[in-house]
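One structure is given below, encoded as C-alpha cells.
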Amino acid sequence: MADNDLMLAVCWEGKENVETDAVLKITSTCICGSDLHIYENYIPGMEPGDVLGHEFMGVVDEVGSDVKNVKKGDRAVACFDIACGKCFYCQKGLFSCCSTTNPSNMLCPLYGHKTGGFFGYSHITGGYPGGQAQYTRVPYADVNLLKIPRNLPDKKVILLSDILPTAWHANELASVSQGDRVAIWGAGPVGQLAAHCAFVRGAERVAIIDNIEYRLQFAKDRMPNIETINFDKVKVPEELHKKFGTTTAPDVGIEAVGVHYAKSWLTKLEQATGVATDPSDMLNEIIYSVRKGGRIGIIGVYVGYTNHFNIGGFMEKSMAAAGGQTPCQKYWPHLLKLVEEGKLTPDMVITHEMPLTKAPEAYQIFDKKEEHCVKVVMHPWEDVPA
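Residue 0 is where the sequence shown starts when you use numbering that gives the first Met the number 0, and the numbers rise one by one after that.
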C-alpha cells in the first residue's frame, strides 16, 4: 500500500518496512468490551488520531523478507497481544507479557513491570495502530498471525483474535475440568463464550450472572443447560447457595466484567472522585459465593487499585485466584482444531454485522446494549466476507 493512499479507519478523538512484519488487508474487525473502556475514557494514554481495534483478521497483503509462516494471499487472524516470540516471557508461553513489544514504561510505577504490546489500546501498551481499519501492520507476523483454512468463513474464526482464547484462558486460570460447577459473572460475549468453553471442558453445571435479561435469555437459547441469575432480582450468593448448596457451592468463579461495572454506590463514588480506580464488588461477591477451596479466574480488564477487597474471606476460605491478559498464541492450535471440528462455535455470540463506515453507530449499539446486541463485527470493505 503506497504511503499516500487513503484508507478507512476508526480513530480515537479527545507504513514502515520491517523484515519480520506483515501488512494485513482487513476483512473483519470487532468491537471488544475492552474497547468500551477506551470509549468511556477509563484507559489513559490515547491521542487524537489513534486507530482503535484489537480483534481483526484479513488477507496478507505484504510480508517482510524474514516472514516464513504466512505469505501474500493467505487468510489470517491477528491476536490482540503483540509478542516477539523470543524473550524470556514468550519462551514461557506468556506472550501477553512480552518484554520486547511495548516501548512505553508508563505502567512500571503502577505494576512494577510494563505489559506487552497490544493493538489499538493506547500508548501505554505501545501505541500500535489497531485493526478497525482497512489495512494494518502486524509486527512479528510469524508469532502474531494465525493462518486460517480457506473453508472456514470469517465469522467462524474472527473471535480467535481475542475473546475465544480469553474465554478459554478464564477456564485455564481456574482449572475448569470434568464435573466442575462453574459460576460466571458477566453475560457479555466473553462470559458467554467462557460458559461455552466450560461445557466443552466437561463442567457439570454452569451458571451465568448479569442484570440484562436479554443477554441471559440469549445464553439460555444457545446453551439450554446453562442456569441464569439476574442480580437485580435476587441476591447472587444466596441464589447460588440455593441452587448448588452451601457446602457444594460452585467450585469455580469466573470474573468477566471488569473496571467500569461497579455495583455499590460507594464504589461508584470512589471511582468518580479518584479514591479508587477499580471496583472490588464482583470479586467480593465471587469470594462469598464460591466454595471453600474454590478457584477464581479473572479476565475482566482492571487498571489500578481497588478498595474494600475481601482479602480475609479469600485467605480464610483457602481460595486460589489467577488472572491475566490472554496469551492467544498459546491456545491457537488447540482452539482452531476445536472450531474446525465443530466442538466450539464462537460465532454463536455474533448478533450484528455492519460496514466499518457505520462504526459510530456500532459503538453506540454495543455500548448502550441496543437491539439486543451481544457482539458486533464490522467489515472495512463494505461487503460481508463469505
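We put the CB at the ideal spot given by N, CA and C, even for glycine.
Asked                                                                                                         : Found
Collapsed DSSP secondary structure at phenylalanine 410 in the structure displayed                            : With the chain covering only 0 through 385, there is no way to say anything about residue 410.
Runs of beta strand (DSSP E) wholly within the region 24-97 (minimum 3 residues, chain order)                 : 55-62, 74-77
Under the three-state DSSP convention, the category alanine 320 falls into                                    : strand
Ranges of the beta strand (DSSP E) found wholly within the region 259-307, counting only runs of at least 3   : 294-297
Cutoff 7 Å; reference tyrosine 362; Cβ partners in own chain excluding five residues on either side           : Ile30, Tyr38
Whole alpha helix (DSSP H) elements within the region 336-376, 4-residue minimum                              : 358-367
Opposing strand residues paired with arginine 390 [DSSP bridges]                                              : Only positions 0 to 385 of the chain appear in this structure, which leaves residue 390 out of reach.
Classification of valine 233 by the beta-carbon crowding that lies within 10 angstroms, buried from 16 upward : exposed
Whether threonine 124 touches threonine 114 by CB criterion (7 Å)                                             : yes
Beta strand (DSSP E) runs contained entirely in the region 220-244, provided each spans 3 or more residues    : 226-229
Per DSSP, the bridge partner or partners of histidine 161                                                     : One point to set straight first is that residue 161 is aspartate, not histidine, in the sequence displayed. Answer is none; aspartate 161 lacks a bridge partner.
Proximity to isoleucine 285 [Cα-Cα], best of Gly187, Leu343, Ala320                                           : Ala320
Reference glutamine 270; option with closest CA among Lys291, Tyr139, Thr245, Val302                          : Val302
Beta-carbon proximity check, isoleucine 349 vs alanine 169, cutoff 7 Å                                        : no
N- and C-terminal bounds of the beta strand (DSSP E) containing leucine 145                                   : 144-146
Pair within 7 Å by beta-carbon distance, valine 156 and valine 251                                            : no
Cβ distance (whole Å) where phenylalanine 94 is taken to contact cysteine 372 below 8 Å                       : With 8 Å as the limit, phenylalanine 94 and cysteine 372 do not qualify as a contact, their Cβ atoms being about 30 Å apart.
Same chain only: Cβ atoms within 7 Å of aspartate 153, ignoring 5 sequence neighbours per side                : Thr26, Ser27, Met56, Pro384
Same chain, Cβ closer than 6 Å to threonine 356, neighbours up to 5 away in sequence not counted              : none
Meets three-Cβ-pair contact criterion under 8 Å: the region 222-229 and the region 186-203                    : yes
Of the listed residues Glu315, Met281, Tyr304, nearest to glycine 293 (C-alpha basis)                         : Glu315
Buried versus exposed, by CB contacts within 10 Å (16 or more), asparagine 104                                : exposed
Any 3 or more C-beta pairs closer than 8 Å across the region 74-86 and the region 262-280                     : no
Closest residue to methionine 377 among Leu106, Val258, Leu215, Gly130 (Cα-Cα distance)                       : Gly130
Pairwise C-alpha distance: leucine 334 and isoleucine 147                                                     : 12 Å
Distance CB(lysine 267)-CB(alanine 275) smaller than 7 Å                                                      : no
Beta-bridge pairing of aspartate 209 - partner residues as DSSP gives them                                    : Asn229
Sub-7 Å separation of alanine 218 and glutamine 191 beta-carbons                                              : yes
Cβ neighbours of arginine 214 in the same chain (closer than 6 Å, five flanking residues each side left out)  : Ala186
Cβ-Cβ distance between proline 249 and valine 289 below 7 Å                                                   : yes
Integer-rounded CB distance, given that proline 188 should sit under 8 Å from isoleucine 162                  : 6 Å
Nearest residue (CA-CA) to glycine 116, options Gln324, Val375, Met347, Glu61                                 : Gln324
Serine 317 versus Gly341, Tyr287, Pro108, Lys336, residue with shortest Cα-Cα distance                        : Tyr287
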